[in-house]
RNA sequence: GCCCGGAUGGUGGAAUUGGUAGACACGACAGACUUAAAAUCUGUUGGCCCUAGGGCCGUGCGGGUUCAAGUCCCGCUCCGGGUACCA
């Protein structure tokens, strides 16, 4: 039965009293305020190097200070790392636990464009808000070490590292970065033949053609080098620098007015904002991260990160080994097509070539008869690529060029096609198609009715391609009868000997674009003298003020607007700024020596603090920050500026906290809302409703009407209970979904200690989990119960100095053991359970002895530092609980006189059997076999076998 | 498609090397207190059967190894995340 009710008839609201009665005996507000002030006053969390003391470096990924503030999901990782920082400190380590802000970035700039407000001002305001929210939670950060990537004192050193990258190249033979001055002296004496430095081939080719004409093939002699003018030398050197300027295809985002790095583009859309991204040729600063591809790959084996994130990096780097093969083209003696293949062993099965539609040679080789259709296909793919990427549904398309290549082993003619399944940006942008061995080639051959030469024994080529490396080859000359795995190295060797191929390693990893056409980022310490970029090192290049945060009318980036600034000693400045990941690639080093004005970080300090021992943050930075910071760390290591080449020895990625959204159901075209149960009887729209108006899924009707003007006149179709029941769903926590739980409110209602414990109690840190505020009461109750062990309701201490009972001792030492072991394996959630069990047992045992309660407060300190500090004081503990030595468990106190064994018969537990703890398995067996209950279970049968697992279980088989 | 996770009560989760599955909480139910409600406290709470004693079933599904399987092996299903014509 449904009732339509008016607002007046429903005065009793389900949510009217949300007040949580606060039991006065646990006055968390007073306790937390008191100790936060004391810690600040005494500088409890300031850190310095102490010779001979072992260090432990615990780091959070620093936040971008957005305007929205924190919700309960944000502090999760911070709480986890704080627990470990405090635990390690109590264990006697010198702990470095800093925090800062990744404060350059797009949102502040977008806001500036809209409002004219300087990004520095909004950033400052957001940081203040962040800081006040963080402070409420009682973190043990040493704030004297705070860094902000947008402060000139910090970005000066970001610029400095950029300058070093500009001044260095990469020597593949030495496997390390070396100064460009080393390079020039080699070039002066030997030229670049056999040089072995990482080089941008396209950049070198362009510069070489400019210097020596069209015949330039990539090598030059010492004489040729020495004959160049400085401008041409500069252009050639650019091809070797680790930070270099290049014309390249970049991801241009028109809506953001800037280029993006590959990891900032997701499925053809910008990661931030989801705007379309197009390919465009532009002159940009780049980072030669590809020079470090192998070391970035190998280094993964030396660090303790999750397998999944290592795998993401491995795939992103995408190393593949094979050969580069050269194919002659009929009627084009001067041209050849190079293809990269990981499977040269299947070369005999190759019967056509496929080029990317954008491949350079397409125009040259296309016959007149095919020209029209080739042009049409190229146009079609260029137009389609974007839309089609989003659709994800692609058929097999392609077009014949009319040209033929020559098979290097058989001399057969191979038609040359173009197709969009071959990507211009990978390998050489051309493939040799082996339809019998590659499914894409197979499908292409089927679609265009090309023959499929069979090269595998016993494989039916009509069923699809065979890519198994254990397959046996046939019709493959000398390789007949070999498995592919056996033939592969031979194929590479033989084709290389014949001069038709060279061994080749290919990476999917691209060099990273390092310029952004934005205002709110690090300016480059670069000006252009006669068009050649020069480092500015005599003074720091500061970010100038501008009159608007938009490009100039000529399309130059905003910095071109800074009239005095944009010219340095008469030379044009670089107008681009650095990307967001520049400052975050090395911030973990600056914390070690944050105020050093003579160096980015003193070597002695980085030697002391070393690698980050525990890094906590989200997994979403796998291909961005976490790769770039590894790259910069290796570079700084090569320059002998730091003593380690992996920044983060261990990393744990916290899972997302999801919100529980509530929904109301509006009958379409009306202002009438129907309760969840009856929603299907009407045509309804589902609308998010703010979760503060909902309790146990029941809507606060008055609150709802007051929430938004358009709902002021809403009426409701209630359920049989006379209530409005909301629907719900677990989804990402977000303001727009009205499912955000704010930590400030929870701290106000339950205290920071409760919130800290509860966030850890929710479940394993790495897992995504829904937030459920109801559960917090259980954790709050635990802290109150714990508090009651130490003092009564009036706050009078209950501590006594009598010796504890064996039960109390056992409870304490069991808890110490469990908490210690769980913290050592980073099992944050089970620690809270262990403490709860301990408190339950001590309450049961009526334990108020100092010998038990004082260590207990030390044990609590990492999770609930405020209350622990207060209770430590009640116990008369010396100094701060922050430095209380971590309690050790005493195995003797854990021993029980008896062990209760579950006794199984054929694997089913039938009864419990108590045996003396010190009894041997044989004695236990004898005793249990003598027990009446055993005889009853056996009913006269003789046991075949008796298994006694000491202190665990007894299983009687028979 | 490929690669990584994961699936345990009404819910979050525990079980660390194969050894009593469901710890610890939440919720629900019942009781105490209260004029009443909230709060608080106590008890019950995987399912099924049973007067009791107790029994049977049970960790996504189907097999297997073992004295013993949530845990190991083989074959699936579903869910989450990442990634993609990468030659």
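Numbering (our numbering), first residue to last: 65 to 1022.
Where is the CB? At the ideal position from N, CA and C, for every residue including glycine.
Range of the contiguous alpha helix (DSSP H) that encloses residue i
{"i": "residue 499", "result": "Element bounds for residue 499: n/a, residue is neither H nor E."}
{"i": "residue 378", "result": "371-381"}
{"i": "residue 428", "result": "426-429"}
{"i": "residue 807", "result": "807-814"}
{"i": "residue 548", "result": "548-561"}
{"i": "residue 92", "result": "92-106"}
{"i": "residue 177", "result": "170-179"}
{"i": "residue 506", "result": "503-511"}
{"i": "residue 290", "result": "286-290"}
Separation of residue j from residue i, as counted between CA atoms
{"i": "residue 997", "j": "residue 986", "result": "19 Å"}
{"i": "residue 631", "j": "residue 352", "result": "28 Å"}
{"i": "residue 138", "j": "residue 612", "result": "33 Å"}
{"i": "residue 1016", "j": "residue 820", "result": "35 Å"}
{"i": "residue 1002", "j": "residue 969", "result": "8 Å"}
{"i": "residue 935", "j": "residue 115", "result": "32 Å"}
{"i": "residue 109", "j": "residue 643", "result": "33 Å"}
{"i": "residue 279", "j": "residue 190", "result": "58 Å"}
{"i": "residue 603", "j": "residue 305", "result": "23 Å"}
{"i": "residue 1008", "j": "residue 1019", "result": "11 Å"}
{"i": "residue 566", "j": "residue 494", "result": "16 Å"}
{"i": "residue 1006", "j": "residue 990", "result": "14 Å"}
{"i": "residue 333", "j": "residue 322", "result": "13 Å"}
{"i": "residue 142", "j": "residue 217", "result": "26 Å"}
{"i": "residue 1004", "j": "residue 959", "result": "36 Å"}
{"i": "residue 492", "j": "residue 399", "result": "14 Å"}
{"i": "residue 684", "j": "residue 694", "result": "16 Å"}
{"i": "residue 585", "j": "residue 177", "result": "15 Å"}
{"i": "residue 702", "j": "residue 349", "result": "22 Å"}
{"i": "residue 69", "j": "residue 816", "result": "Annotation note: pLDDT 35 at residue 69 (below 50); position unreliable, coordinate value reported separately. Approximately 42 Å between the Cα atoms of the pair."}
{"i": "residue 553", "j": "residue 364", "result": "27 Å"}
{"i": "residue 13", "j": "residue 735", "result": "Beyond the ends of the chain as shown, which are 65 and 1022, falls residue 13; an answer cannot be given."}
{"i": "residue 435", "j": "residue 508", "result": "21 Å"}
{"i": "residue 910", "j": "residue 904", "result": "10 Å"}
{"i": "residue 14", "j": "residue 652", "result": "Since the displayed the chain opens at 65 and closes at 1022, residue 14 lies outside it and no answer follows."}
{"i": "residue 633", "j": "residue 149", "result": "50 Å"}
{"i": "residue 162", "j": "residue 134", "result": "18 Å"}
{"i": "residue 455", "j": "residue 261", "result": "Any reading at residue 455 must be qualified, since the residue scores a pLDDT of 47, below 50, and its modelled position is unreliable; the value itself is stated next. Spanning the two alpha carbons is a distance of roughly 42 Å."}
{"i": "residue 891", "j": "residue 829", "result": "8 Å"}
Whole-Å CB distance - residue i paired with residue j, under 8 Å assumed
{"i": "residue 210", "j": "residue 672", "result": "Going by Cβ atoms, the distance from residue 210 to residue 672 rounds to 20 Å, so no, they are not a contact pair."}
{"i": "residue 247", "j": "residue 233", "result": "6 Å"}
{"i": "residue 406", "j": "residue 382", "result": "Not quite, the Cβ-Cβ distance comes to about 11 Å (not below 8 Å), so this is no contact."}
{"i": "residue 414", "j": "residue 549", "result": "Not really, about 19 Å apart at Cβ, beyond 8 Å."}
{"i": "residue 168", "j": "residue 214", "result": "5 Å"}
{"i": "residue 587", "j": "residue 614", "result": "No, residue 587 and residue 614 are not in contact; Cβ-Cβ is about 17 Å, not under 8 Å."}
{"i": "residue 111", "j": "residue 159", "result": "7 Å"}
{"i": "residue 267", "j": "residue 310", "result": "5 Å"}
N-terminal and C-terminal residue of the beta strand (DSSP E) that residue i is part of
{"i": "residue 890", "result": "Unbroken run through residue 890: none, as it is neither H nor E."}
{"i": "residue 984", "result": "Neither: residue 984 is in no beta strand (DSSP E) and is coded neither H nor E."}
{"i": "residue 731", "result": "721-731"}
{"i": "residue 190", "result": "Residue 190 -> not in any beta strand (DSSP E); alpha helix (DSSP H) instead, spanning 183-199."}
{"i": "residue 313", "result": "307-317"}
- Query: Counting Cβ pairs, one atom from each stretch, are 3 or more of them under 8 Å apart for the segment 722-732 and the segment 385-400?
  - Reply: no
- Item | Stretch-stretch touch, CB-based, cutoff 8 Å, three pairs: the segment 948-958 with the segment 872-883 | yes
- Contact between the segment 624-638 and the segment 575-595: three or more CB pairs below 8 Å? yes
- Please specify which runs of the beta strand (DSSP E), each continuous and at least 3 residues long, are wholly inside the segment 666-709, giving them in chain order. 678-681, all fully within the segment 666-709.
- Message: Pairs of beta-carbons, one from the segment 459-472 and one from the segment 483-492, closer than 8 Å: are there three or more?
- Response: Note that the segment 459-472 touches the segment 483-492; at least 3 beta-carbon pairs, one per stretch, sit closer than 8 Å.
- Query: Going along the chain, which unbroken runs of the alpha helix (DSSP H) with 4 or more residues stay wholly within the segment 108-161?
  - Reply: 139-154
- Query: What runs of the alpha helix (DSSP H), each 4 residues or longer, lie entirely inside the segment 763-801?
  - Reply: 765-771, all fully within the segment 763-801.
- Item | Touch test, the segment 911-929 against the segment 857-877, Cβ-Cβ under 8 Å, three pairs minimum | yes
- Is there contact between the segment 285-298 and the segment 536-547, where contact requires at least three CB pairs shorter than 8 Å? no
- Could you give the uninterrupted runs of the alpha helix (DSSP H) lying entirely in the segment 907-969, keeping only those of 4 residues or more? 914-924, 929-938, 955-958
- Using 8 Å as the threshold, is the segment 797-807 in touch with the segment 741-759, meaning 3 or more CB pairs across them? yes
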